[in-house]
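Asks:
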Amino acid sequence: MENPIYVTQPSLPSLPEYTQMLQQIWESKHIANNGPFHKQLETELCNYLQVPYISLFSNGTLALITALQALRITGEVITTPYSFVATSHALHWNGIKPVFCDINQTDFNINPDKIEALITPKTTAIMPVHVYGNPCNKEKIQHIADTYGLKVIYDAAHAFGVFKNDESLLNWGDLSILSFHATKTFNTVEGGAIVCHDAKMKERIDHLKNFGFTSETTIQGIGINAKMNELIASYGLLQLKNIDIEIAKRQEKVNLYRNLLEGTKGITIFQDILNVRHNYSYFPILINKQQFGKTRDEVYEILKKNNIFARRYFYPLISQFPAYSGLPSANKENLTTASQITEQVLCLPLYAELENQNIERICKILNG
Ligand SMILES: *Cc1c(COP(=O)(O)O)cnc(C)c1O
Numbered sequence: 021m022e023n024p025i026y027v028t029q030p031s032l033p034s035l036p037e038y039t040q041m042l043q044q045i046w047e048s049k050h051i052a053n054n055g056p057f058h059k060q061l062e063t064e065l066c067n068y069l070q071v072p073y074i075s076l077f078s079n080g081t082l083a084l085i086t087a088l089q090a091l092r093i094t095g096e097v098i099t100t101p102y103s104f105v106a107t108s109h110a111l112h113w114n115g116i117k118p119v120f121c122d123i124n125q126t127d128f129n130i131n132p133d134k135i136e137a138l139i140t141p142k143t144t145a146i147m148p149v150h151v152y153g154n155p156c157n158k159e160k161i162q163h164i165a166d167t168y169g170l171k172v173i174y175d176a177a178h179a180f181g182v183f184k185n186d187e188s189l190l191n192w193g194d195l196s197i198l199s200f201h202a203t204k205t206f207n208t209v210e211g212g213a214i215v216c217h218d219a220k221m222k223e224r225i226d227h228l229k230n231f232g233f234t235s236e237t238t239i240q241g242i243g244i245n246a247k248m249n250e251l252i253a254s255y256g257l258l259q260l261k262n263i264d265i266e267i268a269k270r271q272e273k274v275n276l277y278r279n280l281l282e283g284t285k286g287i288t289i290f291q292d293i294l295n296v297r298h299n300y301s302y303f304p305i306l307i308n309k310q311q312f313g314k315t316r317d318e319v320y321e322i323l324k325k326n327n328i329f330a331r332r333y334f335y336p337l338i339s340q341f342p343a344y345s346g347l348p349s350a351n352k353e354n355l356t357t358a359s360q361i362t363e364q365v366l367c368l369p370l371y372a373e374l375e376n377q378n379i380e381r382i383c384k385i386l387n388g
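So the mapping is simple: our numbering equals the position in the sequence shown, first residue as 1, plus 20.
1) For Thr362, report the span of its alpha helix (DSSP H) as first-last.
2) Just to confirm the assignment: which complete beta strand (DSSP E) runs, minimum length 3, are found wholly within the segment 47-122?
3) CA-CA distance, Thr86 and Glu282?
4) Please confirm whether Thr107 and Cys121 have their CB atoms less than 8 Å apart.
5) What number of angstroms, rounded off, separates the C-alpha of Arg224 from the C-alpha of Ala90?
6) Does DSSP put Cys383 in a helix, in a strand, or in coil?
7) Residues in the same chain with beta-carbon distance under 7 Å from Phe312, minus the five sequence neighbours each way, listed in chain order, please.
8) Less than 8 Å between the CB atoms is what I'm expecting for Lys305 and Ile289, so what's the real figure, rounded?
9) With burial defined as no fewer than 16 other Cβ atoms inside 10 Å of the residue's Cβ, what is the status of Gly169: buried or exposed?
10) So is Pro24 buried or exposed if we call it buried at 16+ other beta carbons inside 10 Å?
11) Please determine, among Thr356, Asn249, Gly181 and Arg381, the residue with the shortest C-alpha to C-alpha distance to Asn79.
12) What's the C-alpha gap between Lys158 and Ile173?
13) According to DSSP, Cys216 sits in a beta bridge with which residue or residues?
14) Using only the alpha-carbon positions, how far apart do Asp175 and Ala110 sit?
15) Does the distance between the C-beta of Gly286 and the nearest non-hydrogen atom of ligand 1 fall short of 7 Å?
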């Protein structure tokens, strides 16, 4: 039996280089609370991502939860059921009701034409996700938000380094959040960030992630502890040095998959979107049972028997989990596209060190 191949495998920084950074931390004894590496990583990320302000977090979920606090969001928020469950959990943890909106066939993102019908007097914000790093329809979403006086918080967990028309997606809306979890294109083991537009908001977010402290003895607002420590920030600095190579390697893998699966009956693959600089965070395919002859779950099991662990991102829909399935907006009749895609999607293994011969093996299985 061949070695198991998982959907992803994190790229790690060079151990000797990391050891050197750890040595510096050991000498300074500054291990937490906005240390020198934390500050440096914020600066370097602003430069790399082309954003004005960034606040680092211990993970993406806490960044989402804090972003909603920072904007004082309440009531109902229109969001997508086609995402990682943390998107809705962050709303729930703020006592906000998620309202699920259907998605597009083409890019898996929230369908902006379906948003307006879901707005009620309680709606305060829209929380879309740039699924697999595909840019949402910013123009339509912002137009609706402006018309109804709603905030827009982008869950940009998949969109590290993604640009459209040379503009960072992370500058869209009121706030964007990132995740640096081990499974993401840019990883700091665990980590995350909020991107914002002005110094005042950055200050508010920095206070909120540190219990609400504004000085040694002053508390402003009920904060949480969501800070990134120096061991992680230094790790992040090394990862950032390699991120362009990481993305280029992923692109090569994606191109090989595309070549090998082009024309396979019953399998839909996706090409780069015009004027978008992608980060190749995932390689989703859709399996059409009528044309392919097997269901997505059958394909998933066949790959598994071959020690290849593809993942059904995103299945089930968030709206199908018991915690959310009772909500009126969780009704499948209003989520027809999401309900169809969740049954067809399979994300194939993708990471920088994935061997070409393994991609060939995976595609050979798929091609029968
Ligand atoms: C990974 C992810 C998150 C959560 O990030 P963590 O850093 O794991 O807390 C949130 N939303 C989406 C869409 C994600 O993929």
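Quick reminder that beta carbons are idealized off the backbone N, C-alpha and C, glycines included. Nothing here was measured: the structure is a model prediction, and the numbers come from that model.
Replies: On the basis of the data shown:
1) As a working note, residue 362 is residue 342 in the sequence shown. Here the alpha helix (DSSP H) through Thr362 covers Thr356 to Gln364.
2) Fully enclosed beta strand (DSSP E) runs of 3 or longer: 73-77, 96-99 and 117-120.
3) Translated into positions along the sequence shown, residue 86 becomes position 66. Translated into positions along the sequence shown, residue 282 becomes position 262. The alpha-carbon atoms of Thr86 and Glu282 are separated by roughly 43 Å.
4) Residue mapping note: residue 107 aligns to position 87 of the sequence shown, counting from 1. Residue mapping note: residue 121 aligns to position 101 of the sequence shown, counting from 1. Remark: C-beta atoms of Thr107 and Cys121 do not approach each other more closely than 8 Å.
5) As a first step, residue 224 must be located in the sequence shown, where it is residue number 204. As a first step, residue 90 must be located in the sequence shown, where it is residue number 70. The alpha-carbon of Arg224 is positioned some 7 Å away from that of Ala90.
6) Taking the sequence shown and counting its residues from 1, one reaches residue 383 at position 363. In the three-state scheme derived from DSSP, where H, G and I count as helix and E and B as strand, Cys383 is classed as helix.
7) Here residue 312 refers to the residue found at position 292 when the sequence shown is read from its first residue. Excluding five sequence positions before and after Phe312, the CB atoms of its chain that fall closer than 7 Å to its own CB belong to Lys285, Gly286 and Ile287, given in chain order.
8) Position 285 of the sequence shown holds residue 305. Position 269 of the sequence shown holds residue 289. One detail in the question is off: residue 305 reads as Ile in this sequence, not Lys. With a Cβ gap of about 6 Å, Ile305 and Ile289 count as contacting.
9) Reading the sequence shown from its first residue, position 149 is the one you call residue 169. Exposed, because fewer than 16 other Cβ atoms sit within 10 Å of the Cβ of Gly169.
10) Here residue 24 is taken as the residue at index 4 of the sequence shown, counted from 1. Per the 10 Å Cβ criterion, exposed.
11) For the purposes of this step, residue 79 is taken as residue 59 along the sequence shown, with counting starting at 1. If we check each option's Cα against that of Asn79, Asn249 comes out closest.
12) One-based indexing of the sequence shown puts residue 158 at position 138. One-based indexing of the sequence shown puts residue 173 at position 153. Answer to the nearest angstrom: the Cα atoms are 11 Å apart.
13) Position 196 of the sequence shown, counted from the first residue, corresponds to residue 216. Answer by DSSP bridge pairing, in chain order: Tyr73.
14) Translated into the one-based positions of the sequence shown, residue 175 becomes position 155. Translated into the one-based positions of the sequence shown, residue 110 becomes position 90. Using only the alpha carbons, I get a separation of about 11 Å.
15) By one-based count along the sequence shown, residue 286 stands at place 266. No, the beta carbon of Gly286 sits no closer than 7 Å to any heavy atom of ligand 1.
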